[in-house]
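Inspection log for the structure reproduced underneath, given as structure tokens.
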Amino acid sequence: MSLPPNVSQTAFDAALKAWRQSVGGEWVFTEAADVALYRDAYSPFYGEPEERVASAAVAPATLEEVQAVVRTANQHRIPLYPISTGRNLAYGGSAPVHSGSVVLDLKRMNRVIEVNERNAYALVEPGVSYFDLYDHIQKAKLDVWIDPPDPGWGSVIGNALDGGGGWTAAPFRDHFGSHCGMEVVLANGEVVRTGMGALPNSKSWQHSRWGFGPWVDGLFRQSNFGVVTKMGFHLMPRPDALMTSTVTSMRDEDIVPMLDVLNRLEAQHLVNGSTQIFGGPNRPGAGSPTWTIQVPIYGPEPVVRAAMDYVKAKFTAIPSLKFTEGELFRTPLSPDALTRVRLVNFGIPNLSTFAMLGRNPGNPDPAGGHIGFSPIVPRTGESILEFRRYYDEHVTKSSVGRELGVVGPVYMTCWERTLVCLIMFPIGRDKARNTKVRALFEKLVRVAADRGWAEYRAPAAFQDLIASTYSYNDSSLTRLRETLKDAVDPNGILSAGRYGVWPKHLRKA
Amino acid sequence: MKRLLLVFIGLVTLVSTAGAAEPSGQQVYERWCATCHAPGPGHPGTQSLEMKYGGKSPAVLLDRTDLSPQAVAVFVRQGVLLMAPFRKTEISDTELAALSAYVGKNFSAR
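For the record, the sequence lines run as chains A and B.
The numbering used here numbers the first residue of the first sequence as 449 and each following residue consecutively.
The numbering used here numbers the first residue of the second sequence as 185 and each following residue consecutively.
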């Protein structure tokens, strides 16, 4: 059994004893084989000394047990790393950022506390996955949708807190943005409820997110200021239909007006689905369009058809664009339609995305896992063309980039007005290869920052580097976060280092 | 998983928890494995094994006769390629025993 850093055997033994009393002996894991299950299977340092690993894990099942575990950790100054379902693969999985931390595994907190169809919201615990929430809604025959990300086994809360997004209509596919109220255990064990939840016997915790006075929910996104134990989410009432049309162009420069039109339509909420943009270095052979944009609209059928007519008129006002009206799917989907659609666009969680990333005809010998490089760039055609030049220079035309089998860029529009140019790096057990992946990843971060782009989310191994690129005014944002960290977690026990925020005793000068 | 939403009955549902009693091996399989390993398109595990075995061995886990319960347990706890290991808070040792017996039910030592 390994010790957490800067913790004596006596203190650790005392904490383990207290935790066993709090949660039961079977839910405190110290055996090497059990602790190894918390390794990040997609770690870019897998098997190397720098790999971030846990020293132990403890798995409470209730709010009160979380409080007890945290109080014990605070008393003995033992670093904890909360996870929800631990399936944040490509962004750290279930491993801590600060190696040697004890993982606080919240998977057993798996209650769907409420799904309210009338006002379309849910209140859940961290161990509830998208599959769990979907199944709950199906069994209860409620007429609301969830918004799943690509893999459905992740935590609804964990994905939102890590900044994840999905594939149905705005604003629901912005997972943190669609939350409404949270319950948080602070480092001293105290419980806070945010927004309207701070009112004893509140009747509107999941109805209105702002409450009274300063809004603090954002402090718990990608952070280490508390352990979120409940969170509310607004759900989408099932839309009657989804129609996805396609706009294409053979001309490279047309991406500029295509995005200008798209952005205006989206900002007016006429296009409310998650658009997809294909083109650039991934474009297929001659004769295929250089750019393709998918334009999805959710809503009642007459409204969808009328909106699509307007959308068509706006795009076809540009003579070089071709508009192809897509099939309209009515919901609930027919058995035939279920086999022909992308399920996440209809609020149905699944794991089919792994077919693209795993062994398939185009990738017969996969490395294993992957990590994502996810810079945010302005949602303009000029930016896409500039990003493509950057990608060509550093990946496509780079021998290392070709050797590593890097996939990208995937232009993601989970968030309104936002464009993420995702690049995927295969990660395996080959240390020499992983070393090259890390070097290229770090180079891409630095060059992107020089161009004014930075990542919105990253694996633990790169969080310090990326945080350091947000350096305006002598890194005043980082210093503000450190001030807050020291105030709410003076012993620095919670998720040390997460997203570049370190407690005082671990901060580099 | 592929049933879609039916219209209202209850407006509000309160607290549900996963599994009060110990689930059967089939239930564990359906909860954790079927989304990747069921037959047909859209199942990445099945797709991967189709390519790996090229028809020499069934790609659908439940059709396998060469997969011992012990081997199932090893894959669950160690993972393979994209499939990360499953922790004991996800699949307990008791559930793993039931799952391994269920998936390995057709195993015949040769």
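A virtual CB, placed ideally from N, CA and C, is assigned to each residue, including glycine.
Bear in mind that the values here come from a model prediction, so they are computed numbers and not experimental data.
| Check | Outcome |
| --- | --- |
| Identify, in the order they occur along the chain, each residue of the same chain with its Cβ nearer than 8 Å to the Cβ of histidine 953 (chain A), setting aside the five sequence neighbours on each side. | Asn454, Gly940 |
| Could you name the residues of the same chain whose beta carbon sits closer than 7 Å to that of arginine 877 (chain A), not counting the 5 residues immediately before and after it, in chain order? | Tyr494, Gly495, Gly816 |
| Under a Cβ-count criterion, where at least 16 other Cβ atoms within 10 Å of its own Cβ denotes burial, should methionine 449 (chain A) be classed as buried or exposed? | exposed |
| Secondary structure at arginine 886 (chain A), three-state DSSP: helix, strand or coil? | helix |
| Given that a residue counts as buried once 16 or more other Cβ atoms are within 10 Å of its Cβ, and exposed if not, what is glutamine 457 (chain A)? | exposed |
| Would you check if the stretch 495-506 of chain A and the stretch 554-573 of chain A touch, i.e. whether three or more CB-CB distances between them fall below 8 Å? | no |
| Let's test the definition: count the other Cβ atoms within 10 Å of the Cβ of aspartate 813 (chain A) and tell me whether it reaches 16, buried, or not, exposed. | exposed |
| Does DSSP put phenylalanine 681 (chain A) in a helix, a strand or coil? | strand |
| Assign proline 729 (chain A) to buried or exposed, taking buried as 16 or more other Cβ atoms, counted over all protein chains shown, within 10 Å of its Cβ. | Only weak support is given to the placement of proline 729 (chain A): the predicted model assigns it a pLDDT of 46, under 50, and the value that follows is read from those uncertain coordinates. Proline 729 (chain A) should be labelled exposed. |
| Around the C-beta of methionine 698 (chain A), are 16 or more other C-beta atoms found within 10 angstroms, so that it is buried, or is it exposed? | exposed |
| Looking at arginine 535 (chain A) and proline 599 (chain A), is the spacing between their C-beta atoms short of 8 Å? | yes |
| Shortest alpha-carbon distance to glycine 229 (chain B) belongs to which of A:Thr801, A:Tyr838, A:Ser577? | A:Thr801 |
| Does the contact criterion of 3 or more C-beta pairs under 8 Å hold for the stretch 558-566 of chain A versus the stretch 536-550 of chain A? | no |
| Quick check on this structure: which residue in A:Met804, A:Thr917, A:Ile914, A:Arg955 has the alpha carbon closest to the alpha carbon of aspartate 934 (chain A)? | A:Arg955 |
| Just to check my reading of the structure: tyrosine 582 (chain A) and proline 783 (chain A) have Cβ atoms closer than 8 Å, yes? What is that Cβ distance to the nearest angstrom? | So it is not a contact: roughly 18 Å between Cβ atoms. |
| Does glutamate 279 (chain B) have its Cβ less than 8 Å from a Cβ in chain A? | no |
| With distance defined between alpha-carbon atoms, name the residue in B:Phe291, B:Asn290, B:Ala285 nearest to serine 208 (chain B). | B:Ala285 |
| Near arginine 905 (chain A), what residues of its chain come up, given a Cβ to Cβ distance below 7 Å and the 5 sequence neighbours on each side ignored? | Tyr539, Asp610, Gly611, Ser822 |
| Leaving out the 5 sequence neighbours to the left and right, which residues in its chain are closer than 6 Å to glycine 948 (chain A) when beta-carbon positions are compared? | Gln911, Asp912, Ala915 |
| According to a CB-to-CB cut-off of less than 9 Å, which residues of the stretch 671-698 of chain A neighbour chain B? | Arg686 |
| Looking at chain A, is there any beta carbon in it that lies within less than 8 Å of the beta carbon of arginine 271 (chain B)? | yes |
| Using 8 Å as the Cβ pair cut-off and three pairs as the minimum, do the stretch 620-634 of chain A and the stretch 677-697 of chain A touch? | yes |
| If you drop the 5 nearest sequence neighbours on each side, which residues of the same chain put their C-beta closer than 6 Å to that of serine 491 (chain A)? | Glu499 |
| Who are the near neighbours of glycine 602 (chain A) in its chain, counting only those whose CB is closer than 7 Å to its CB and skipping five residues on each side? | Thr533, Arg535, Asn536, Ser577, Tyr578 |
| Under a three-way DSSP split, which group does serine 697 (chain A) fall into? | strand |
| Got a sec: is the Cβ-Cβ distance from glycine 310 (chain B) to anything in chain A below 8 Å? | What is shown of chain B runs 185 to 294, which leaves residue 310 (chain B) out entirely. |
| Any idea if glutamine 469 (chain A) is buried or exposed, counting beta-carbon neighbours within 10 angstroms, 16 or more meaning buried? | exposed |
| In chain order, what residues of the same chain have a beta carbon less than 7 Å from the beta carbon of histidine 818 (chain A), not counting five sequence neighbours either side? | Tyr490, Ala538, Leu805, Met872, Phe873, Pro874, Ile875 |
| Against chain B, with Cβ distances strictly below 8 Å, would asparagine 730 (chain A) count as a contact? | Legend: pLDDT at asparagine 730 (chain A) = 46, less than 50; position of this residue unreliable, value from coordinates given subsequently. By this cut-off, asparagine 730 (chain A) is not an interface position. |
| Anything in chain B within Cβ reach of serine 450 (chain A), meaning under 8 Å, just list it in chain order. | Ordered by position in chain B, no residue passes the 8 Å Cβ test against serine 450 (chain A), which lies about 18 Å from the chain. |
| Tell me which residue opens and which closes the alpha helix (DSSP H) that lysine 762 (chain A) is part of. | 749-764 |
| Within 10 angstroms of its Cβ, does lysine 465 (chain A) collect 16 or more other Cβ (buried), or is it exposed? | exposed |
| When DSSP labels each residue in this structure, what does histidine 842 (chain A) get in the three-state scheme? | helix |
| If you draw a straight line from the alpha carbon of tryptophan 216 (chain B) to that of phenylalanine 259 (chain B), how long is it in whole angstroms? | 13 Å |
| Anything in the stretch 230-250 of chain B with a Cβ closer than 7 Å to a Cβ of chain A? List those residues in chain order, please. | Gln231, Ser232, Met235, Lys236 |
| Which residues in the same chain have their Cβ closer than 6 Å to the Cβ of proline 508 (chain A), if we skip the five residues on either side of it in sequence? | Val471, Val514, Val517 |
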